[in-house]
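Asks:
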Amino acid sequence: MPDTITIDAKDMHYTPLNKKIREAVNDGAKEIIIENVLGQRFIGNGLRGDDVEIKVKGVPGGDIAMFMSGPHVTVYGNCDHAPGNTMDAGVLVIHGSSGDATAHSMRGGEVYVRDDIGYRGGIHMKAYHEKRPVLVVGGQAKAFLGEYMAGGILIVLGMNQDFAVNERGIGSGIHGGMIFVRGDVDENLLGIGAKKEQADMDDLKTIRIYIEKFADYFGFDSDEILKSGFTKIVPASARPFANKYCWE
Amino acid sequence: MTIGSTPVKYRIKIDQDLCMLCERCIENCSYGVFRREGQKIVPDFRKCTACHRCIAMCPRDAITLEEKPNDYRSHPLWTREAREAIYNQANSGRIILSGMGNAKDYPVIFDRLVLDACQVTNPSIDPLREPMELRTYIGKKPRKIEINTVKEGDYELKTKIAPNLKLETPVMIGHMSYGAISLNAQLAMAKAVNKVGTFMGTGEGGLHKDLYPYQNNMIVQIASGRFGVDINYLERGAAIEIKIGQGAKPGIGGHLPGEKVAEDVSKTRMIPLHSDAISPAPHHDIYSIEDLAQLVRSLKEATEWKKPVFVKIAAVHNVAAIAAGIAKSSADAVVIDGFRGGTGAAPRVFRDHVGIPVEAAIAAVDDKLREQGIRNEVSIIASGGLRDSADVTKAIALGADAVYIGTAALIAMGCRVCGSCYRGLCPWGIATQRPELVSRINTDEAAQNVENLINGWTLELAELMGAAGINSIESLRGNRDRLRGYLLDEGIMEVLDVKMIGA
Ligand code: SF4
Ligand code: SF4
Numbered sequence: 001m002p003d004t005i006t007i008d009a010k011d012m013h014y015t016p017l018n019k020k021i022r023e024a025v026n027d028g029a030k031e032i033i034i035e036n037v038l039g040q041r042f043i044g045n046g047l048r049g050d051d052v053e054i055k056v057k058g059v060p061g062g063d064i065a066m067f068m069s070g071p072h073v074t075v076y077g078n079c080d081h082a083p084g085n086t087m088d089a090g091v092l093v094i095h096g097s098s099g100d101a102t103a104h105s106m107r108g109g110e111v112y113v114r115d116d117i118g119y120r121g122g123i124h125m126k127a128y129h130e131k132r133p134v135l136v137v138g139g140q141a142k143a144f145l146g147e148y149m150a151g152g153i154l155i156v157l158g159m160n161q162d163f164a165v166n167e168r169g170i171g172s173g174i175h176g177g178m179i180f181v182r183g184d185v186d187e188n189l190l191g192i193g194a195k196k197e198q199a200d201m202d203d204l205k206t207i208r209i210y211i212e213k214f215a216d217y218f219g220f221d222s223d224e225i226l227k228s229g230f231t232k233i234v235p236a237s238a239r240p241f242a243n244k245y246c247w248e
Numbered sequence: 001m002t003i004g005s006t007p008v009k010y011r012i013k014i015d016q017d018l019c020m021l022c023e024r025c026i027e028n029c030s031y032g033v034f035r036r037e038g039q040k041i042v043p044d045f046r047k048c049t050a051c052h053r054c055i056a057m058c059p060r061d062a063i064t065l066e067e068k069p070n071d072y073r074s075h076p077l078w079t080r081e082a083r084e085a086i087y088n089q090a091n092s093g094r095i096i097l098s099g100m101g102n103a104k105d106y107p108v109i110f111d112r113l114v115l116d117a118c119q120v121t122n123p124s125i126d127p128l129r130e131p132m133e134l135r136t137y138i139g140k141k142p143r144k145i146e147i148n149t150v151k152e153g154d155y156e157l158k159t160k161i162a163p164n165l166k167l168e169t170p171v172m173i174g175h176m177s178y179g180a181i182s183l184n185a186q187l188a189m190a191k192a193v194n195k196v197g198t199f200m201g202t203g204e205g206g207l208h209k210d211l212y213p214y215q216n217n218m219i220v221q222i223a224s225g226r227f228g229v230d231i232n233y234l235e236r237g238a239a240i241e242i243k244i245g246q247g248a249k250p251g252i253g254g255h256l257p258g259e260k261v262a263e264d265v266s267k268t269r270m271i272p273l274h275s276d277a278i279s280p281a282p283h284h285d286i287y288s289i290e291d292l293a294q295l296v297r298s299l300k301e302a303t304e305w306k307k308p309v310f311v312k313i314a315a316v317h318n319v320a321a322i323a324a325g326i327a328k329s330s331a332d333a334v335v336i337d338g339f340r341g342g343t344g345a346a347p348r349v350f351r352d353h354v355g356i357p358v359e360a361a362i363a364a365v366d367d368k369l370r371e372q373g374i375r376n377e378v379s380i381i382a383s384g385g386l387r388d389s390a391d392v393t394k395a396i397a398l399g400a401d402a403v404y405i406g407t408a409a410l411i412a413m414g415c416r417v418c419g420s421c422y423r424g425l426c427p428w429g430i431a432t433q434r435p436e437l438v439s440r441i442n443t444d445e446a447a448q449n450v451e452n453l454i455n456g457w458t459l460e461l462a463e464l465m466g467a468a469g470i471n472s473i474e475s476l477r478g479n480r481d482r483l484r485g486y487l488l489d490e491g492i493m494e495v496l497d498v499k500m501i502g503a
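Protein sequence lines, in the order shown, are assigned to chains E and H. Position 164 of the first sequence, counting from 1, maps to 164 under UniProt numbering, and the rest follow consecutively. Position 318 of the second sequence, counting from 1, maps to 318 under UniProt numbering, and the rest follow consecutively.
(1) State yes or no: is the C-beta of Glu66 (chain H) nearer than 7 Å to some heavy atom of ligand 1?
(2) Quick one: which unbroken beta strand (DSSP E) runs of 3-plus residues sit fully inside the segment 415-457 of chain H? Chain order, please.
(3) Please compile the residues from chain H whose C-beta is within a distance smaller than 8 Å of the C-beta of Phe42 (chain E).
(4) Indicate, with yes or no, if ligand 1 has a heavy atom lying under 7 Å from the CB of Glu37 (chain H).
(5) Taking C-beta to C-beta, are Val392 (chain H) and Thr407 (chain H) nearer than 8 Å?
(6) If you measure from each residue's Cβ to the nearest non-hydrogen atom of ligand 2, which ones come out under 6 Å, in chain order?
(7) Return yes when at least one heavy atom of ligand 1 lies under 7 Å from the C-beta of Trp25 (chain H), else no.
(8) Tell me where the beta strand (DSSP E) around Thr74 (chain E) begins and ends.
(9) Taking DSSP as the reference, what is the three-state secondary structure of Ser92 (chain H)?
(10) Do you know whose CA, among H:Gly38, H:Leu207, H:Ala364, H:Gly32, lies nearest Gln16 (chain H)'s CA?
(11) Using the three-state DSSP reduction, which class does Tyr10 (chain H) fall into: helix, strand or coil?
(12) Closer than 8 Å, Cβ to Cβ, to anything on chain E: give me those residues from the segment 98-115 of chain H, in chain order.
(13) If we define contact as Cβ-Cβ less than 8 Å, is Glu110 (chain E) a contact residue for chain H?
(14) Using the C-alpha atoms, what's the distance from Lys195 (chain H) back to Leu211 (chain H)?
(15) Give me the Cα-Cα distance between Leu204 (chain E) and Glu167 (chain E), rounded to the nearest whole angstrom.
(16) For Leu190 (chain E), which beta-bridge partners are listed by DSSP?
(17) Just reading off the beta strand (DSSP E) that Gln221 (chain H) is part of, what are its end residues?
(18) At 8 Å on the CB atoms, spell out the chain H contacts of residue 252 (chain E), in chain order.
(19) Can the beta-carbon of Gly251 (chain H) be found less than 8 Å from the beta-carbon of Val354 (chain H)?
(20) What residues in the segment 255-276 of chain H have a beta carbon less than 9 Å from any beta carbon of chain E?
(21) For Gly58 (chain E), tell me which candidate among E:Gly90, E:Asn85, E:Ser97, E:Glu23 has the shortest Cα-Cα distance.
(22) Please list, in chain order, the residues of the segment 208-229 of chain H that have any C-beta partner in chain E closer than 9 Å.
(23) Please report the straight-line C-alpha distance between residue 251 (chain E) and Tyr128 (chain E), rounded to a whole angstrom.
(24) Which runs of the beta strand (DSSP E), 3 residues or longer, sit entirely within the segment 41-115 of chain E?
(25) Around the Cβ of Glu187 (chain E), are there at least 16 other Cβ atoms within 10 angstroms (buried) or fewer (exposed)?
(26) I want to check one thing, is the minimum distance from the CB of Leu60 (chain H) to the heavy atoms of ligand 1 below 7 Å?
(27) Could you tell me whether the Cβ of Leu165 (chain H) comes closer than 8 Å to any Cβ of chain E?
(28) Closer than 7 Å by beta-carbon distance: list the chain E residues that pair up with His284 (chain H), in chain order.
(29) Taking all protein chains shown into account, decide if Met200 (chain H) is buried (16 or more other Cβ within 10 angstroms of its Cβ) or exposed.
(30) Which chain E residues are close to Pro427 (chain H), counting only those with a beta carbon under 8 Å from its beta carbon?
(31) Determine the direct distance from the alpha carbon of Val319 (chain H) to that of Glu377 (chain H), and round the result to whole angstroms.
(32) Could you tell me whether the Cβ of Arg107 (chain E) comes closer than 8 Å to any Cβ of chain H?
(33) Rounded to the nearest angstrom, what separates Asp44 (chain H) and Pro427 (chain H) at their Cα positions?
(34) Please report how far the alpha carbon of Glu235 (chain H) lies from the alpha carbon of Asn216 (chain H), in whole angstroms.
(35) Buried or exposed: which applies to Ala90 (chain H), given that a residue is buried once 16 or more other Cβ atoms fall within 10 Å of its Cβ?
(36) According to DSSP, which residues form a beta bridge with Pro235 (chain E)?
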C-alpha cells in the first residue's frame, strides 16, 4: 500500500466512501486524498489514526469528523452542519465556511474555519484533563455561540467584518472554558450566565499558539491579528443552576 | 417567621424494651436521624425520609415508622402536599426538586386491563411440558426475505439482516447513569443481565471501566450532554441509544450537580471534577426529524453499521407521530418512557404533571406504525413504572416488543422508594456516590436479587402466556384480543383498542 491514496468520491454514497477511507487507514495509508466530494455526510466518522492526513476536495455534507479520534483533516471547500461534532482528538481545517453546530460537544482536538460559521457554534464544548478542544473561526459566528460551554477555547476573529459576533445568546449557560472575540462585544448579546472581561497578556499568550496555527493554515499574518484587542467571555459561575432548586 | 415549620411527615417509635442499644440505626441512617442520649436512642423525626434502612437493619425489630402522624385540617383540594409545596416555594422562590416516579394518584390503566385464559375449546399450554419461546430480537427486521438456491435443496439467505439484540427474556433494565446511581448498583445489575441473557442501559454518564467485562450486555446512551461519549464508548456497547426524552421529565434536560461529580464520575463523564453536568433539553445538533435521522446514521457510520441504534422519547400527547418519524429515521427501536418513569431528580411539577401513561402510548405507537406499514421493521421498547410480570405481559399485548424496568430493579437491590435520591445520601448505597454508603451494596448478592426478580417475572410471563394458549412471545406482541378493559372509559378503550370485559 502506497503512503498516499486517492479516492474519487464522484457519485459515491457515504457508506462505501467511509469504508474506503477506513480500509486505507487500516492498510497503513498516511495520506488520503478524496476528490469530487459533493455532500457526502459523516466523512471520517469515528476514525482513528494520529498520523493520518485526509484531504477533502469539494463540499462535504454534515457531521464530518464526528467522534473522530486522531486524524488531521483538511477540507478545500465549505462544510455543512456540525463539522467536528463530539470530536475526541485530531485537527479539522476548513478552507471556507461551515454550517450550524460547528464543533458541537467537541471534547478534544482543534477545528479551524477560515470564513464564517452558522448558529450554535462551539455549543456544549467540554474539556477533561489534557483534552481541551479549540475552535478558531476566521470570519463571523451567528447566534448562540458557545452556549452551555463546559470547557475548551473558542476564538472568533471576524476578519474583514465590522463585528466578529453580532448576534445574541453568546455563552448562555456557559460553566467552563473561554470564548475570545476579536474587538468588542455588545454586553446585551451575552446569554445568561456569561460575563465579559478584557483579555489580558496571559490570555493572549494562551490564544497565540492557535492564532499562529490559523494564520499558518490560511496564509494570514498572526502578528497583525494579535495586534487587535480581544474580548474574553467566561462563565459568571461554575454552577449556573446552583440556585434554581429546593427540595421536596 | 410568617410560615414557621410544617408538621413532621414521619414519626418514629423505638420500643425501649426491645432496643439493645447496638446503635446500628445510628450507623445506618445517612440522614442523621438517630442519636444516643444515655441509655436511649432518640430520633429526630424531621430528618427522616422513610427510607426504612433503620427498620431493615434493627436486629430487634424495635423501630416502627408512621406516615403523616399529624395532618392538617382535612381538605380535598388543599392537601398536605399542596400546602407544603406552597410553604416551600414561599420560603425559597425555587423549583421543587423530587425523586423517583410520578407521585400523583392517577388511575393505573394496567390495573384496569385483565388478561385472558383458555378454557375448554382452545386448551391452555403447560410451560413445564411445552417449550415456550420467550427469546426476543430487538432491532430492524427486513421487509421481506430473499433467498438464493445454492443447489438443489440448499439455500442461503440473500437478504442482509441488520444487527439485532438477542434477549432471552423481554425484560431489560433501563438507563440509570453512573452519577445518578452508584457504581456498585450498576455493577450488580450488569452482572444480573449478563447471567440472565438480557441487557441494561448505561444512562448518559459514560461507561466506567469496571463495567467493561459486561459491555456485551450494555446499551450505551448518548444524550444531549454527550457525557462520556467517544468512539471507544460507542464501540463498547451492544447497542446505542439516543436519549431525546425521559418519562419522568419530558421536555427538559438533566442536571447532575457538581457535588456529585466525584473523581470517578468526572473521569467516566469526561468533565472536570465538581463541575455541573448539564444536559440541555434539546440535542443542539437535532432540530428536526431529519437531523435526528442524521444522528442515527452518524452513529451507525461511526460504528460501521454493526450496532442497532435506539431512540428514546418520553410518552407525550403526540407520541405516535413522533415515533413514526423515528421509525423512518433508520432507528432500529423506539423506546417509549411513560409518565410513571423514575428518576434521580426531576422538578416535581414535571414528574407529576407532564406526559401520558405508557399503556396508552404503546397502543398509539403500535397502531400508527401498523397503519404506516412499518411496525414489522422497528422494535418498540416500553418503560415507565412497570411493577410486575402482569404489567410486562400487558405492555407486550398492547404492542411492545420488550420492556425496560428501572425502579423495580432498584427495589430488588433494597430501594424503598423514599424518593430522596436527589440528595445523594441513599442509605441503600444506590443513589449515592459516598463510598461508605456505596459499599453497602454487595454486588454479588444484589446481582443475585436482580437476577431472581427477572427470572421470577419471566417464569410468570411464560405461565400467563401458556394460560392464554400462546407459546411464543411473537404471538403475544400486539395481541390486544388477549386483553379486556375493566372499568375503563370508552375513550381510553378506543385509544388502547381493547374490548370491554364480557365482550
Ligand atoms: S438498631 Fe434497633 S436495637 Fe439497635 S439501637 Fe437502633 S433501635 Fe436499638
Ligand atoms: S434509590 Fe435510595 S434514595 Fe432513591 S428512592 Fe430508593 S432508597 Fe430512596
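For glycine and all other residues, C-beta sits at the position ideal for the given N, C-alpha and C.
Replies: Quick look at the numbers:
(1) no
(2) The qualifying runs do not exist here; there are none.
(3) Arg297, Ser298, Glu301, Ala302
(4) no
(5) no
(6) H:Cys51, H:Gly99, H:Met100, H:Leu410, H:Cys415, H:Arg416, H:Val417, H:Cys418, H:Gly419, H:Ser420, H:Cys421, H:Cys426, H:Trp428, H:Ile430, H:Ala431
(7) Trp is not the amino acid found at residue 25 (chain H); the sequence shown has Cys there. Answer for Cys25 (chain H): yes, Cβ within range of ligand 1.
(8) 69-76 is the span of the beta strand (DSSP E), which, as asked, contains Thr74 (chain E).
(9) helix
(10) For Gln16 (chain H), the nearest C-alpha among the options comes from H:Gly38.
(11) In the three-state DSSP reduction, Tyr10 (chain H) falls in the strand class (E or B).
(12) Residues Ser98, Gly99.
(13) No, its Cβ sits nowhere closer than 8 Å to a Cβ of chain H.
(14) 14 Å
(15) 24 Å
(16) Residue pairing by DSSP puts Leu190 (chain E) in a beta bridge opposite E:Ile170.
(17) 218-222
(18) Since the displayed chain E opens at 1 and closes at 248, residue 252 (chain E) lies outside it and no answer follows.
(19) yes
(20) His255, Pro257, Gly258, Ser266, Lys267, Arg269, Met270, Ile271, Pro272, His274, Ser275, Asp276
(21) In terms of CA proximity to Gly58 (chain E), E:Ser97 leads the group E:Gly90, E:Asn85, E:Ser97, E:Glu23.
(22) Ile222, Ser224, Gly225, Arg226, Phe227, Val229
(23) This structure gives no information on residue 251 (chain E), because the portion of chain E shown stretches from 1 to 248.
(24) 53-59, 69-76, 89-94, 110-113
(25) Under this definition Glu187 (chain E) is an exposed residue.
(26) The sequence given here places Arg at residue 60 (chain H); Leu does not occur at that position. Yes, since a heavy atom of ligand 1 falls inside the 7 Å radius drawn around the Cβ of Arg60 (chain H).
(27) no
(28) Under the 7 Å cutoff, chain E gives Ala101, His104, Arg120, Ile123, His124.
(29) A buried status is given to Met200 (chain H), since no fewer than 16 other beta-carbon atoms sit within 10 Å of its beta-carbon.
(30) What Pro427 (chain H) touches in chain E: nothing, since even the nearest Cβ is about 16 Å away.
(31) 18 Å
(32) Nearest CB-CB separation between Arg107 (chain E) and chain H: below the 8 Å threshold.
(33) 16 Å
(34) 10 Å
(35) exposed
(36) E:Ala194
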